[in-house]
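A short write-up of the structure that comes next.
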């Protein structure tokens, strides 16, 4: 399916942010913005939130419980082995492996979740709205495929007014973001 | 945020965002100079020599090394601990400074992390070879097997060590790669070559820089940073338990975990300094890695050097104060005096005395001074590990066990090989991966400059 987008390109962070504000004041839906580095103002304006920390907490909990359970199972249930008269369930020395394996679990699981949620994996071909967004330009993309046909025009006008260096219409097939 | 008037700008020369991309990507877009090929050739020759030594080791057994029944751990463990120590800096550098919100890390963290990955790879080779029968190396994994199932000894520091190093290698590589994603995207969008576009496109995994990707990216960086900070401290503590849990005089002390962690960060920061001095000199990136950056690393090194000196004195003091005659013997008759005085005093001079030259501003701002002192520190840290491993083993409780130790050409070969591997890795890194975190540099481009005010 071909979709048309209104794309505004800025070379100044301030103009870019004030443009997002104006678009939101006019109740125009922003499809997404693309920046060369993380701009925190954008996260607040577009209400972007990440639940990764919560997920990581549960991965950690799973890691701790899972590792301790595994160590208990192997050392006490499956094949108890007497090492110099120490108790089978030698909890203090299990802590070391538990810390390390928990950290590894959190890292790998969070990475996997990040990759799945952000749709980032080898061979992924996300739509690039403007090549310069990874270099030095700030890009606002507005989806014009809505009922209100004046959206594109309005958004374009606002972005030009706010100092976009370029405002263009671009068509994309099978948009993936 | 405090104003950074005292420290000066993080990036000099009032760069625009486009300039930053262009200047950091430049080394990857031109054919490297002759020096690169020469350095790569030397590293490869060293690696081939190492390959030969490993072949002999695997083919004939570790009897080809200088180790014997008393000194069962020789150069290989010295080198292992040394490399792991160097490997600590990358993560220590980027993670401690990340969670402390020290923005000056941005110019250095990428190279430091790259170094970490190659150093830990070199380190991991030694314990594997030390097993003698490297084809049975998978026995150390606790997997359900047909031998009982017989599990590994989870109470053994050697197993802790294995799990710590495996985790550390995986996590530091993940952290390094995660940080690289946006920059690989930048290179993909810049390049005109079709092959490069395909390769960097594959590795950038569809990075676009959208707000959704960025927020998750930042959040994940902090999660990984926060938990890996624990790992940095724990890995070398665990390495130290390889020694501290043993009963050998000179090893069986509680000072070992902090002593090892600080030592590791010391050698790692020294190696970061060696690399950064060379990178900024060769690639003329002095605007990004300013004199202030080098100054900051040098100050950290003085501080750590003082901690190391305190630790050396404490070790000697406690061995006397404890009244344990075996410990006294090892410290005073086999280290301070005796057969290994060269190593002991070399360690003191290289780690505790020479780094004090960094008190002078002139030396902190002179690249030859920085380079030579950082190399001296790395030598000193190697001597420290030699001192710990060899002296305690060579003369323990029973005089009938006493032997002397010297390495064979195979020991030296494996060590030279890992240096070659490390060198080749770093050179490939300089050639194919942005040496500094481009996207992070852009976010600090205005800090401390007039533009910010």
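Chains as they are written, first to last, in this note's numbering: chain A, 1 to 177; chain B, 1001 to 1453. All C-beta atoms, glycine included, are put in the ideal place defined by N, C-alpha and C.
### Task
Can you tell me which of the three DSSP states residue 27 of chain A falls into?
coil
### Task
Could you confirm whether any beta carbon from chain A is found closer than 8 Å to the beta carbon of residue 1442 of chain B?
yes
### Task
Buried or exposed for residue 1236 of chain B, please, with buried defined as at least 16 other CB atoms from any protein chain shown within 10 angstroms of its CB.
buried
### Query
When DSSP builds the beta bridges, which residues end up paired with residue 141 of chain A?
A:7 and A:32
### Task
Could you name the residues that DSSP lists as bridge partners for residue 1395 of chain B?
Looking at the DSSP assignment, residue 1395 of chain B forms no beta bridge with any residue, so it has no partner.
### Message
I want to see whether chain A comes within less than 8 Å of residue 1415 of chain B, judged by CB atoms only; does it?
### Response
no
### Message
Could you tell me the alpha carbon to alpha carbon distance between residue 1329 of chain B and residue 1308 of chain B, rounded to whole angstroms?
### Response
22 Å
### Inter-residue spacing [alpha-carbon to alpha-carbon] between residue 1453 of chain B and residue 1361 of chain B
With a pLDDT of 43 at residue 1453 of chain B, under the threshold of 50, the modelled position of that residue is not reliable, and the figure given next carries that caveat. C-alpha separation (whole angstroms): 29 Å.
### Task
Could you tell me whether the Cβ atoms of residue 1310 of chain B and residue 1125 of chain B are closer together than 8 Å?
no
#### Entry: Where residue 1295 of chain B falls: helix, strand or coil (DSSP)
helix
### Query
In chain A, which residues lie with their C-beta within 9 Å of the C-beta of residue 1167 of chain B?
100, 101, 103, 104 and 107
### Message
Going by DSSP, what residue range makes up the alpha helix (DSSP H) through residue 130 of chain A?
### Response
No alpha helix (DSSP H) contains residue 130 of chain A, which DSSP labels as neither H nor E.
#### Entry: Simplified DSSP assignment, three categories, for residue 168 of chain A
strand
### Query
My guess is that residue 1095 of chain B and residue 1160 of chain B are in contact by the Cβ rule of under 8 Å, so how many angstroms apart are they, rounded?
Not confirmed; about 21 Å, so no contact.
### Query
Nearest to residue 38 of chain A by alpha carbon, out of B:1219, B:1120, B:1301 and B:1021?
For residue 38 of chain A, the nearest C-alpha among the options comes from B:1219.
### Query
What's the call for residue 1035 of chain B, buried or exposed, on a 16-neighbour Cβ count within 10 Å?
exposed
### Query
Which class does residue 13 of chain A belong to by DSSP, given the choice of helix, strand or coil?
Of the three classes helix, strand and coil, the one that applies to residue 13 of chain A here is helix, per DSSP.
### Query
Which class does residue 41 of chain A belong to by DSSP, given the choice of helix, strand or coil?
helix
### Message
For residue 1462 of chain B and residue 1407 of chain B, I'd like the C-alpha separation in whole angstroms.
### Response
The question about residue 1462 of chain B has no answer, for chain B in this structure spans 1001 to 1453.
### Query
So, does the CB of residue 1113 of chain B fall closer than 8 Å to a CB anywhere in chain A?
So no, residue 1113 of chain B is outside the interface.
### Query
Which runs of the alpha helix (DSSP H) fall wholly inside the segment 1174 to 1237 of chain B and span at least 4 residues, in chain order?
1194 to 1204
### Nearest candidate by alpha-carbon position, reference residue 1033 of chain B, set B:1132, B:1282, B:1371 and B:1249
B:1282
### C-alpha gap between residue 1115 of chain B and residue 162 of chain A, whole angstroms
45 Å
### Task
Tell me whether residue 1306 of chain B is buried or exposed, calling it buried when 16 or more other Cβ atoms sit within 10 Å of its Cβ.
exposed
### Query
Hey, how far is the Cα of residue 70 of chain A from the Cα of residue 1154 of chain B?
11 Å
### Task
Report buried or exposed for residue 57 of chain A, applying the criterion of at least 16 other Cβ atoms within 10 angstroms of its Cβ.
exposed
### Task
Please report how far the alpha carbon of residue 1092 of chain B lies from the alpha carbon of residue 99 of chain A, in whole angstroms.
18 Å
#### Entry: Cβ distance (whole Å) where residue 1040 of chain B is taken to contact residue 1437 of chain B below 8 Å
Between residue 1437 of chain B and residue 1040 of chain B the Cβ distance is about 24 Å, and since that is not below 8 Å, they are no contact.
#### Entry: Contiguous alpha helix (DSSP H) assignments of at least 4 residues, all confined to the segment 1076 to 1149 of chain B
1109 to 1130
### Message
One question on the structure: do residue 1365 of chain B and residue 1358 of chain B come within less than 8 Å of each other, judged by their Cβ atoms?
### Response
no
### Message
Given this structure, state the Cα-to-Cα distance separating residue 1098 of chain B from residue 1379 of chain B, to the nearest angstrom.
### Response
29 Å
### Message
If you reduce the DSSP assignment to three classes, tell me which class residue 1003 of chain B lands in.
### Response
The predicted model places residue 1003 of chain B with a pLDDT of 49, which falls under 50 and marks its position as unreliable; any figure quoted below should be read in that light. Coil at residue 1003 of chain B, not helix or strand.
### Query
Roughly how far, in whole angstroms, is the beta-carbon of residue 109 of chain A from the beta-carbon of residue 59 of chain A, given that I think they are within contact range, below 8 Å?
4 Å
### Message
Beta-carbon within less than 6 Å of residue 121 of chain A's beta-carbon, same chain only, minus the 5 sequence neighbours each way: which residues are those?
### Response
Closer than 6 Å at the Cβ level, and outside the excluded window around residue 121 of chain A, lie 115.
### Query
With a Cβ-Cβ cutoff of 8 Å, do residue 1416 of chain B and residue 1118 of chain B count as a contact?
no
### Message
If you reduce the DSSP assignment to three classes, tell me which class residue 173 of chain A lands in.
### Response
The three-state secondary structure of residue 173 of chain A, taken from DSSP, is strand.
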